[in-house]
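Participant: Got a structure for you, questions after.
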Amino acid sequence: MTNRFFKALATGAAITVGVASAASAAECIAPANPGGGWDFTCRQIGKIMYDIGAVDKPVQVTNMPGAGGGLAFNTVVNERNDDADLIIAASSATTTRLAQNAYAGRTADEVRFVGAIGADPGIIAVAADSPFNSLKDLVDAILTDPGSVAFAGGSAVGGFDHLKPLMILKEAGFTDITKIKYIGVDGGADAITQTVGGFTQAMTGDMSEVVSFLANGDIRVIAVLTDERVPGFDDIPTATEQGYSVVAVNWRGLYVPKGVSDDTFNSWADKLQMVADSAEWKEAMAANGLAPFTKVGGNFQGYVDGLVADINAMSKELGVIQ
Amino acid sequence: MDILANLALGFSVALSPYTLMLAVCGCFLGTVIGALPGLGPSNGVAILIPITFTLGLDATSALVLMTSVYYGAMYGGRISSILLNIPGDEPALMTTLDGYPMAKAGRAGDALVLSGVASFVGALLATIGLMLLAPSLARVAFLFGPAEYFALYLLAFCTLGGMASNNQAKSAIAACLGLGIAMIGVDTSSGLPRLTGGNLHLYDGVDFLVAIVGLFAISEVFLFIESHGKGSSIGVTLNKVRIPWADIFSTKWTMLRSSGVGFIAGILPGAGASLGSFLAYTTEKSIAGEKGGFGTGVPKGIAAPEAGNNAAAGGALVPMLTLGVPGSGTTAVLLALLMTLNITPGPTLFTERPEVVWGLIASLLIANFVLLLMNVPMVKIFVKILTVPAWVLLPGVTMVSFVGIYSLSGSYFDLLMMVGFGVLGYILRKLDIPTVPVILGILLGGNMENALRRAMTLSDGDVMYLFSSPIAIGFWIAAIAGFVAPMFLRKILTKPQAIKG
Numbered sequence: 001m002t003n004r005f006f007k008a009l010a011t012g013a014a015i016t017v018g019v020a021s022a023a024s025a026a027e028c029i030a031p032a033n034p035g036g037g038w039d040f041t042c043r044q045i046g047k048i049m050y051d052i053g054a055v056d057k058p059v060q061v062t063n064m065p066g067a068g069g070g071l072a073f074n075t076v077v078n079e080r081n082d083d084a085d086l087i088i089a090a091s092s093a094t095t096t097r098l099a100q101n102a103y104a105g106r107t108a109d110e111v112r113f114v115g116a117i118g119a120d121p122g123i124i125a126v127a128a129d130s131p132f133n134s135l136k137d138l139v140d141a142i143l144t145d146p147g148s149v150a151f152a153g154g155s156a157v158g159g160f161d162h163l164k165p166l167m168i169l170k171e172a173g174f175t176d177i178t179k180i181k182y183i184g185v186d187g188g189a190d191a192i193t194q195t196v197g198g199f200t201q202a203m204t205g206d207m208s209e210v211v212s213f214l215a216n217g218d219i220r221v222i223a224v225l226t227d228e229r230v231p232g233f234d235d236i237p238t239a240t241e242q243g244y245s246v247v248a249v250n251w252r253g254l255y256v257p258k259g260v261s262d263d264t265f266n267s268w269a270d271k272l273q274m275v276a277d278s279a280e281w282k283e284a285m286a287a288n289g290l291a292p293f294t295k296v297g298g299n300f301q302g303y304v305d306g307l308v309a310d311i312n313a314m315s316k317e318l319g320v321i322q
Numbered sequence: 001m002d003i004l005a006n007l008a009l010g011f012s013v014a015l016s017p018y019t020l021m022l023a024v025c026g027c028f029l030g031t032v033i034g035a036l037p038g039l040g041p042s043n044g045v046a047i048l049i050p051i052t053f054t055l056g057l058d059a060t061s062a063l064v065l066m067t068s069v070y071y072g073a074m075y076g077g078r079i080s081s082i083l084l085n086i087p088g089d090e091p092a093l094m095t096t097l098d099g100y101p102m103a104k105a106g107r108a109g110d111a112l113v114l115s116g117v118a119s120f121v122g123a124l125l126a127t128i129g130l131m132l133l134a135p136s137l138a139r140v141a142f143l144f145g146p147a148e149y150f151a152l153y154l155l156a157f158c159t160l161g162g163m164a165s166n167n168q169a170k171s172a173i174a175a176c177l178g179l180g181i182a183m184i185g186v187d188t189s190s191g192l193p194r195l196t197g198g199n200l201h202l203y204d205g206v207d208f209l210v211a212i213v214g215l216f217a218i219s220e221v222f223l224f225i226e227s228h229g230k231g232s233s234i235g236v237t238l239n240k241v242r243i244p245w246a247d248i249f250s251t252k253w254t255m256l257r258s259s260g261v262g263f264i265a266g267i268l269p270g271a272g273a274s275l276g277s278f279l280a281y282t283t284e285k286s287i288a289g290e291k292g293g294f295g296t297g298v299p300k301g302i303a304a305p306e307a308g309n310n311a312a313a314g315g316a317l318v319p320m321l322t323l324g325v326p327g328s329g330t331t332a333v334l335l336a337l338l339m340t341l342n343i344t345p346g347p348t349l350f351t352e353r354p355e356v357v358w359g360l361i362a363s364l365l366i367a368n369f370v371l372l373l374m375n376v377p378m379v380k381i382f383v384k385i386l387t388v389p390a391w392v393l394l395p396g397v398t399m400v401s402f403v404g405i406y407s408l409s410g411s412y413f414d415l416l417m418m419v420g421f422g423v424l425g426y427i428l429r430k431l432d433i434p435t436v437p438v439i440l441g442i443l444l445g446g447n448m449e450n451a452l453r454r455a456m457t458l459s460d461g462d463v464m465y466l467f468s469s470p471i472a473i474g475f476w477i478a479a480i481a482g483f484v485a486p487m488f489l490r491k492i493l494t495k496p497q498a499i500k501g
């Protein structure tokens, strides 16, 4: 009824409802309710940082749900702009919403993005008994009759899951994107349920959302939106090799307040790199369907700015925003 | 049979002294959490999860502790509903309707024991249902598309009339108020914010717990202040607790039916325990008819929602374990716990990690018996927590409300909104407009709208899509019957000669 509008990204994690206490301990804000991807990011990264000795006290996790991360973003910018002990979980959803001005005027340059250390590959899946055997079948069906295929995804209309099929169809030369049917439901599992139940014809989401359904044979993944096939899922073709060069991954990372010193920023970047290099993180990634994707430090902000610009341009082109 | 062998495996995991101790601790904590207004099962489980990490519990032990807290909270919610007329958690909302009048009539002890037994029956049947049917029931979720969900929520609203008040118009006003509040927030079908005034705090809509604590607990404080602490409705005295065999016996069918209704409502993703207790209550009310005296403190009015919500709590575990789709807020938190423990719920869980699934089921059975013992003979301990004088209790309730709500989002905005709802609740009470339909409007309105919008997207705006499946048509018929039947029944019943027939 409240937070489900915004997708609780893919994988799960642990919970702390409440506020951080000990003053000197670092705090990680998960800008969503317990259980989503941001919560996972804070919980896992915080735990590994402590386990490998990158921080000397356990990292406190604070859940600050609201406005799809906008509340936390706003709080950081307005109230905690120089807090050196604060890190905040971020993902593709953060950049998508910044690009679509969904944080009430806040912009990406009001914080500092530290880095990403893992990514959940985007996928398009259909029910096991679907007549569509490849991405081309699906796209062709839409080109013939746009109304014949409806997508279900875990994000609201205009969100990242909605953009994925639109990007593919744009590649296929289909321009009338408002004709594409998409319903936003309460998370990836629900989207699969609707697709297996035959209410929608395809599901758009992340790899981690479909792993268990895939093992059970309920669905088939017809395309993964990465440059190369994902290790462990070598039989799933990429969209690129099927002729639609679309790459859409849901990266997982952190940002810190704008007002911290360069030393603080670099120290967080080093710590994040240590996590990325650790065996624990590799294990956590494997268990949660994440693919390696490490971009840490100074050049990550540039990557984020590029993403925001791209998504902003695309959203305008697609008519998702004015 | 497989099930017995599996169950033996489960008990061998769950029956160690250490896990038993965890179950007892979990049940006690859960009951207290459930009984305190504002701290619902989801908060309770969420707050306690860090403890499982601190204690270094393994997967099964952590699950035993958390599910004990979960079931315990479902039991505990009824205590404050009955004694204070403030639901301890969302699903206990319906228990206030008959539980509190019964307590006021001097039968608080009976109401508590009866509701404890009903909770036990509901939870036990649901656990058995989970055990026997989980793998096949998981497929039920595949039958529910937008049209079916819309019809289901519509059924809930159609049976709402006259539920919480004798004045249908006032119920309708209250429900519309709730529906209006449910429209606040980002619209999923367009991605645009509505009625938020540009305030980020309102983008996710009004949190249900904020509304419930404001409307019930905070407005109670205002009434208390107005009466200068005299004549407050709070402070029901508890006489000797005995077992009301006659009441338990007379409600046996109610308990069984409500368990079934609740279990099915629990299985449907998103509906959860609140809908379970609500449907159980309205079903029983319509079976009993006007003569049933629902709303005046009848045993059936207590047994139905309690059996219903505890059965729904068990039912909600079905989609969570088999599909990875949480059936309620609390199971969403449990899902997060499972994933942290590197257990991925889904269709393969039953075959890949049987010790986890069956350990969980065994611990649910154990927790249920522990809770029955705790909540019937020892109910006075929990009552003590709540039967302190009103001038001590209400400040405590206020404090717990503020802490509980602040812990939801860590934002003071929710506290202001809670006080706002308190004022609204005070005004509504003064106007004799029931607050329960407001809550139901907020709770179900958003889901119902989303279901309708999705149905319209899928069908290109073809209204007939809403009647396109047998399940949907069945719900529509039930909804129309539920709406129309009371009007005719009332007419028939007002004719003296018809009453006996």
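Here the protein sequences line up with chains A and B, keeping their order.
The numbering of the first sequence is our numbering, which starts it at 1 and goes up by one.
The numbering of the second sequence is our numbering, which starts it at 1 and goes up by one.
Ideal Cβ placement from N, Cα and C applies to all residues, glycine included.
Everything numeric in this text was worked out from a predicted model, so none of it was measured.
1. Have a look at 22/B, 70/B, 245/B, 76/B and flag the residue whose alpha-carbon is nearest the alpha-carbon of residue 57/B.
2. So, residue 242/A versus residue 148/A, is the Cβ gap smaller than 9 Å?
3. Give the DSSP-derived three-state secondary structure of residue 6/B in the structure shown.
4. Chain A partners of residue 141/B, CB-CB under 8 Å?
5. Using the three-state DSSP reduction, which class does residue 203/A fall into: helix, strand or coil?
6. Leaving aside the five residues before and after residue 323/A along the sequence, list all residues of the same chain whose C-beta is less than 6 Å from its C-beta, in chain order.
7. Are the beta-carbon atoms belonging to residue 248/A and residue 225/A less than 9 Å from one another?
8. At a cut of 8 Å, does the region 257-266 of chain A reach the region 124-134 of chain A through at least three beta carbon pairs?
9. What is the DSSP secondary structure of residue 80/A, counted as helix, strand or coil?
10. By alpha-carbon positions, which one of 265/A, 252/A, 104/A, 278/A ends up nearest to residue 295/A?
11. Please confirm whether residue 437/B has its beta-carbon closer than 9 Å to some beta-carbon of chain A.
12. Determine, using beta carbons only, whether residue 337/B and residue 123/B come nearer to each other than 9 Å.
13. Going by DSSP, what residue range makes up the alpha helix (DSSP H) through residue 146/B?
14. With DSSP run on the structure shown, which of helix, strand or coil describes residue 434/B?
15. Are the C-beta of residue 289/B and some C-beta of chain A separated by less than 9 Å?
16. Our contact map puts residue 41/A next to residue 84/A with C-beta atoms below 8 Å; I'd like the distance itself, whole angstroms only.
17. Assuming residue 78/B contacts residue 306/B under a Cβ cut-off of 8 Å, what Cβ separation, rounded to an integer in Å, is found between them?
18. Between residue 184/A and chain B, is the shortest Cβ-Cβ distance under 9 Å, so that the two count as touching?
19. Is the shortest distance between the beta-carbon of residue 292/A and the beta-carbons of chain B less than 9 Å?
20. Suppose contacts are defined by Cβ-Cβ distances below 9 Å. Is residue 103/B in contact with residue 422/B by that definition?
21. So the alpha helix (DSSP H) residue 279/A belongs to, where does it begin and stop?
22. Could you have a look at residue 465/B and say whether DSSP puts it in helix, strand or coil?
23. Considering only the beta carbon of each residue, do residue 214/B and residue 72/B sit closer than 9 Å?
24. Look up residue 256/A in the DSSP assignment and say whether it is helix, strand or coil.
25. Counting only Cβ pairs nearer than 7 Å, list the residues of chain B close to residue 74/A.
26. From the beta carbon of residue 200/A, is the nearest beta carbon of chain B less than 9 Å away?
27. Should residue 93/B go down as buried or exposed, given a rule of 16 or more other Cβ atoms within 10 Å for buried?
28. Spell out a yes or no on whether the region 82-89 of chain B and the region 276-291 of chain B are touching, meaning 3 or more CB-CB pairs, one atom from each, closer than 8 Å.
29. Give a yes or no on whether the C-beta atoms belonging to residue 238/A and residue 163/A are separated by under 9 Å.
30. Going along chain A in order, which residues have a C-beta closer than 8 Å to the C-beta of residue 504/B?
31. Is it a yes or a no for the region 466-473 of chain B touching the region 133-152 of chain B, going by three-plus beta-carbon pairs under 8 Å?
32. Give the interface partners of residue 178/B over in chain A, defined as CB-CB distance under 8 Å, in chain order.
33. So residue 263/B packs on residue 129/B, CB below 8 Å; how close in whole Å?
34. Taking 9 Å as the CB-CB limit, is residue 100/A close to chain B?
35. Using a Cβ-Cβ cutoff of 8 Å, what residues of the region 268-295 of chain A are near chain B? List them in chain order.
36. Specify whether the region 143-158 of chain A and the region 188-208 of chain B touch according to this definition: at least 3 beta carbon pairs, one from each stretch, less than 8 Å apart.
Facilitator: This is what the structure gives:
1. It is 22/B whose Cα lies nearest to the Cα of residue 57/B.
2. Going by C-beta atoms, residue 242/A is not nearer than 9 Å to residue 148/A.
3. Of the three classes helix, strand and coil, the one that applies to residue 6/B here is helix, per DSSP.
4. For residue 141/B, the C-beta contacts it makes with chain A under 8 Å involve 193, 197, in order along the chain.
5. In the structure shown, the three-state DSSP call for residue 203/A is strand.
6. In the structure as shown, chain A begins at 1 and stops at 322. Residue 323/A is therefore absent and cannot be evaluated.
7. Going by C-beta atoms, residue 248/A is nearer than 9 Å to residue 225/A.
8. Touching, no, given that fewer than three Cβ pairs across the two stretches are closer than 8 Å.
9. Here residue 80/A carries a coil assignment [DSSP, helix/strand/coil].
10. Considering only alpha carbons, the answer is 252/A.
11. Not closer than 9 Å to any Cβ of chain A, the Cβ of residue 437/B fails to qualify, so no.
12. No, the Cβ-Cβ distance between residue 337/B and residue 123/B is not below 9 Å.
13. Per DSSP, residue 146/B is one residue of the alpha helix (DSSP H) stretching across 146-158.
14. Residue state, collapsed to three classes: coil.
15. With 9 Å as the cut-off, residue 289/B does not count as an interface residue toward chain A.
16. Contact doesn't hold; Cβ gap of about 20 Å is too wide.
17. Contact flag correct, Cβ pair sits at about 6 Å.
18. Taking Cβ atoms only, chain B reaches closer than 9 Å to residue 184/A, which makes this a yes.
19. Cβ-Cβ to chain B under 9 Å: no for residue 292/A.
20. Cβ distance not < 9 Å, so residue 103/B and residue 422/B don't count as in contact.
21. For residue 279/A, the uninterrupted alpha helix (DSSP H) run begins and ends at 279-287, by DSSP.
22. Look at residue 465/B here: in three-state DSSP terms it is helix.
23. Cβ distance not < 9 Å, so residue 214/B and residue 72/B don't count as in contact.
24. In the structure shown, the three-state DSSP call for residue 256/A is strand.
25. Per Cβ cutoff of 7 Å: 200.
26. For residue 200/A, the closest Cβ of chain B is nearer than 9 Å.
27. Buried is the call here.
28. In this structure the region 82-89 of chain B does not touch the region 276-291 of chain B; the number of beta carbon pairs closer than 8 Å is below three.
29. Result no, Cβ atoms of residue 238/A and residue 163/A do not sit closer than 9 Å.
30. Residue 504/B lies beyond the residue range present for chain B, which begins at 1 and ends at 501; the question has no answer from this structure.
31. Between the region 466-473 of chain B and the region 133-152 of chain B, the count of C-beta pairs closer than 8 Å reaches three or more; the two stretches touch.
32. Chain A residues near residue 178/B: none, gap ~11 Å exceeds 8 Å.
33. Taking a contact as a CB-CB distance under 8 Å, the pair residue 263/B and residue 129/B counts as one, their CB atoms being some 5 Å apart.
34. Yes, because at least one Cβ of chain B sits closer than 9 Å to the Cβ of residue 100/A.
35. Listed by position along the chain: 287, 288.
36. As far as the Cβ criterion goes, the region 143-158 of chain A touches the region 188-208 of chain B, which means the pair count is three or higher.
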